[in-house]
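Residue numbers (the working numbering): 141 to 334.
In structure tokens:
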């Protein structure tokens, strides 16, 4: 039993190190050796858990993609007004960023592996969940008619850019202090419609 916990913790350490490196330097800019060094393991330990660097990248991407999709779906299914649920969603995303800024950075990557994973019919993407959430706001009469795909892309783009700007020092590392203004601006984007 103890050995399983140790193996699981090593895999978690490897995934965490890989996620940070993939998010900041891209998949092609990182070697398995660099991931191993960052995780404090040997190359062999990495290959014990993953067939390749690409397989590791896909698992990391899938985990973050799924966590954000699940979060958006959670707020879409809650009771209450669209705007209150949307604001709670934005608060949660900002909190997640401040706890682990690399997750949003990873989702903003455009590597061919991620594009391929995004096009996989079995994987529900955050954009799909967000467009359904926005469509719900329109159907409930709280938002004006609009191109939900465009609105979703603009919102996700704004949030991922906040994360990039935070990492690059254009904004502070912590985004939660900007929550009120971020929610106002994103709400204005949705409220304009066509």
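Glycine included, C-beta positions come from ideal geometry on N, C-alpha and C. In this text the structure is predicted, and so the values were computed from the model without any measurement.
For residue 230, the enclosing alpha helix (DSSP H) begins and ends at 222 to 239. Exclusion of the five residues before and after residue 217 leaves no residue of its chain whose Cβ lies closer than 6 Å to its Cβ. Measuring C-alpha to C-alpha distances from residue 201 to each of 167, 173, 284 identifies 167 as the nearest. Around the beta carbon of residue 317, fewer than 16 other beta carbons lie within 10 angstroms, which makes this residue exposed.
The shortest C-alpha to C-alpha distance from residue 307 to any of 157, 235, 285, 164 is the one to 164.
Straight-line spacing of the CA atoms in residue 154 and residue 242 works out to 14 Å. Annotation: the continuous alpha helix (DSSP H) that includes residue 199 extends over 193 to 217. Shown here, residue 248 sits in coil according to DSSP, grouped into three states, outside any helix or strand. Distance between residue 207 and residue 247, taken at the CA atoms: about 11 Å.
For residue 331, the enclosing alpha helix (DSSP H) begins and ends at 319 to 332. The DSSP-derived three-state label of residue 171 is coil. Under the 8 Å Cβ criterion, the region 321 to 334 counts as touching the region 281 to 296, having at least three qualifying pairs. The Cβ atoms of residue 285 and residue 278 lie closer than 9 Å to each other. At a Cβ-Cβ threshold of 9 Å, residue 238 and residue 313 count as neighbours. For residue 301, the enclosing alpha helix (DSSP H) has its first and last residue at 288 to 307.
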